[in-house]
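Structure, as structure tokens:
Chains as they are written, first to last, in the working numbering: chain R, 20 to 453; chain G, 7 to 146.
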């Protein structure tokens, strides 16, 4: 089902809407936010210089640092009395980034999430268990209101207490699961330890996953653990832009449809800042064109992806963004080679003898970078001999070498000995920075 | 033949004790134990009185465990006996994967546990030549 007619407009019409809204937003931020006005003046550009959508590239970027510099409310275009909600990101380094919403912002957010929930197969019949942590994060409340809006029953279970989560699933007959992909895998793992087969003993038929990227290998792992019939989609968003609801996968699974009447996407070369043509891989930059409280202009998401403009088989005409291939800021440079953790994950998930959890440690030994990847042994039949375990390590190493073009040490560890995550997984430790 | 457990453990302080603590908790009696000084992980081989139960308890605690067959041979306690048997196996073209012995046997002959490239063939060979090959009941 398609939630809104805006998802199926002809390209020209989408662009007309985008341009009108961009002009209006730009005028507003220029007038209301000194930091934006200063940036535009420094770049020697005025609102009048933006004569069509192509001129968007003339505008300066906004970065996470701008949000920090103007902490907490400096980039808001409305006075505090017009706000009705505040969220914040985790802020692992320094101050968190704070975002605000007016009443209209919340309505649009709810609308956007309803759209992506429908893309992923949700209906008013669903019982949706939200296993994102509630609190300052946008994930849980975003999905919460979007799913309520389509008429689903929302169970705000939050993250953690996994056995209780499974009890709710059994007792309430949960049909739809909202979680990070890594937590969803963990829930299935715990269900199996409790002697349940998620496919037969639980009723979860839809997974709406987000908060972190999901590779194709992870999707297969999800099917293996939750059952082949589960509809597994991912969606994308970030608190700076709104929260979840920026884009989501439809059942065709050919990229995440961006809600283009609210967000204008661009792909840039992360090093030069130059806009790349459709289909090219680069950093996603998003401009918010309907937000009242915090409409970011050309926000650098740091996420690496591609955009496809061909209309989708599902009937939607909105642009699709590919699954994230990584973040420009979590790219590791190891002995001069660029490595994205997602590439490592792709290799690991294709090895059936190991589990879905892993840890990457990068360090420097004798002035040389050194990467070690810890994986959990899952196939106990290999315990017959050291040779079989050694062969497994060797095979993983050689697969990694083929994909990454460099050697990594592989360390087999006992099942369930690596850390499990209830929210976004943090699997990379770079000791070179410490 | 007897049944032995192979448990994946990490080379960390206390990792063998963690396994034996679980066996102790369920009053499972150890008959033999072997592990070698490998750098990162090890396969701990153990022979116990109730192998299937032991496997279940260990898996519940998150261990990767497998139960497999091994040959247990009674040997007379005198010089050269082990060598004779090993020669016999080698002459038959069978390879030994690993070998260890039972720790304690109340006045019975020592028991050597081994895994070879062909367990059935090794067992036939040894019984043929008059060796006493123990079964799981014999080690209780």
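Just so you know, even glycine gets a beta-carbon here, dropped at the ideal spot from N, CA and C.
CB contact below 8 angstroms: residue i versus chain G
| i | result |
| --- | --- |
| residue 432(R) | yes |
Partners in chain G for residue i, counting only beta-carbon separations shorter than 7 angstroms
| i | result |
| --- | --- |
| residue 402(R) | 12, 14, 49, 70 and 72 |
| residue 435(R) | 68 |
| residue 399(R) | 70, 71 and 72 |
Neighbouring residues, chain G, relative to residue i (Cβ below 8 angstroms)
| i | result |
| --- | --- |
| residue 405(R) | 44 and 49 |
Sequence-distant residues of its chain with Cβ nearer than 7 angstroms to residue i (five each side left out)
| i | result |
| --- | --- |
| residue 155(R) | 106 and 107 |
| residue 91(R) | 117 |
| residue 203(R) | 196, 226, 228 and 241 |
| residue 93(R) | 54 |
| residue 188(R) | 148, 221 and 223 |
| residue 179(R) | 441 |
| residue 359(R) | 344, 345 and 350 |
| residue 279(R) | 33, 37, 337 and 338 |
| residue 49(R) | 55, 56, 59 and 66 |
| residue 72(G) | 12 |
| residue 401(R) | 372, 407, 408 and 411 |
Cβ of residue i within 8 angstroms of any chain R Cβ
| i | result |
| --- | --- |
| residue 103(G) | yes |
Contact set between residue i and chain G, taken where Cβ atoms lie within less than 9 angstroms
| i | result |
| --- | --- |
| residue 396(R) | 14, 47 and 70 |
Same chain, Cβ closer than 8 angstroms to residue i, neighbours up to 5 away in sequence not counted
| i | result |
| --- | --- |
| residue 424(R) | 356 |
| residue 116(G) | 80, 81, 83, 107 and 108 |
| residue 171(R) | 136, 141, 142, 143, 144, 145, 146, 147 and 195 |
| residue 459(R) | Past the boundaries of the shown model lies residue 459(R); chain R is included only from 20 to 453, so the question cannot be answered. |
| residue 54(G) | 11, 29, 34, 35, 36, 37 and 60 |
Inter-residue CB distance, residue i and residue j (contact presumed, cutoff 8 angstroms)
| i | j | result |
| --- | --- | --- |
| residue 71(R) | residue 38(R) | 6 angstroms |
| residue 351(R) | residue 449(R) | 7 angstroms |
| residue 274(R) | residue 340(R) | 6 angstroms |
| residue 122(G) | residue 100(G) | 5 angstroms |
| residue 415(R) | residue 338(R) | Contact doesn't hold; Cβ gap of about 37 angstroms is too wide. |
| residue 120(R) | residue 134(R) | Rounded, the Cβ-Cβ distance is 18 angstroms, inconsistent with contact. |
| residue 1(G) | residue 77(G) | Shown here, chain G extends from 7 to 146; a query on residue 1(G) therefore has no answer. |
| residue 128(G) | residue 105(G) | Contact doesn't hold; Cβ gap of about 11 angstroms is too wide. |
| residue 335(R) | residue 64(R) | Wrong, their Cβ atoms sit about 33 angstroms apart, outside the cutoff. |
| residue 80(R) | residue 319(R) | 5 angstroms |
Close beta carbons around residue i, own chain, < 6 angstroms, minus the five adjacent residues each side
| i | result |
| --- | --- |
| residue 92(G) | none |
| residue 46(R) | 66 |
| residue 41(R) | 308 |
| residue 173(R) | 147, 163, 166 and 167 |
| residue 427(R) | 390, 392 and 419 |
| residue 137(G) | 79 |
| residue 238(R) | 251 |
| residue 101(R) | 121 |
| residue 439(R) | 205 |
| residue 127(R) | 309 |
| residue 193(R) | 146, 148 and 223 |
Interface flag, residue i vs chain B, CB-CB below 8 angstroms
| i | result |
| --- | --- |
| residue 52(G) | Going by chain labels, chain B is absent from the structure shown, which instead holds the protein chains R and G. |
Within the chosen definition, does the stretch 23-32 of chain G reach the stretch 43-63 of chain G through at least 3 CB pairs nearer than 8 angstroms?
-> The stretch 23-32 of chain G, when compared against the stretch 43-63 of chain G, does touch it at the 8 angstroms Cβ threshold.
Three-pair Cβ contact test at 8 angstroms for the stretch 400-415 of chain R versus the stretch 331-349 of chain R = In short, these stretches do not touch, since the Cβ pair count stays below three.
Okay, do the stretch 277-295 of chain R and the stretch 242-253 of chain R touch, 3+ Cβ pairs below 8 angstroms being the bar?
-> These segments do not touch.
Kindly confirm or deny that the stretch 155-170 of chain R and the stretch 263-278 of chain R touch, where touching means at least three C-beta pairs closer than 8 angstroms.
-> Between the stretch 155-170 of chain R and the stretch 263-278 of chain R there are three or more inter-stretch CB-CB distances shorter than 8 angstroms, so the stretches are counted as touching.
Validate contact between the stretch 313-327 of chain R and the stretch 277-286 of chain R using beta carbons, cut 8 angstroms, 3 pairs = Contact between the stretch 313-327 of chain R and the stretch 277-286 of chain R is present, because at least three Cβ pairs lie under 8 angstroms.
Could you tell me whether the stretch 390-404 of chain R touches the stretch 360-380 of chain R, using the rule of 3 or more Cβ pairs below 8 angstroms?
-> With the cut-off at 8 angstroms, the stretch 390-404 of chain R and the stretch 360-380 of chain R touch.
Three or more C-beta pairs below 8 angstroms linking the stretch 46-53 of chain G and the stretch 12-19 of chain G | A contact between stretches requires three or more CB pairs, one per stretch, nearer than 8 angstroms, and the stretch 46-53 of chain G meets this requirement with the stretch 12-19 of chain G.
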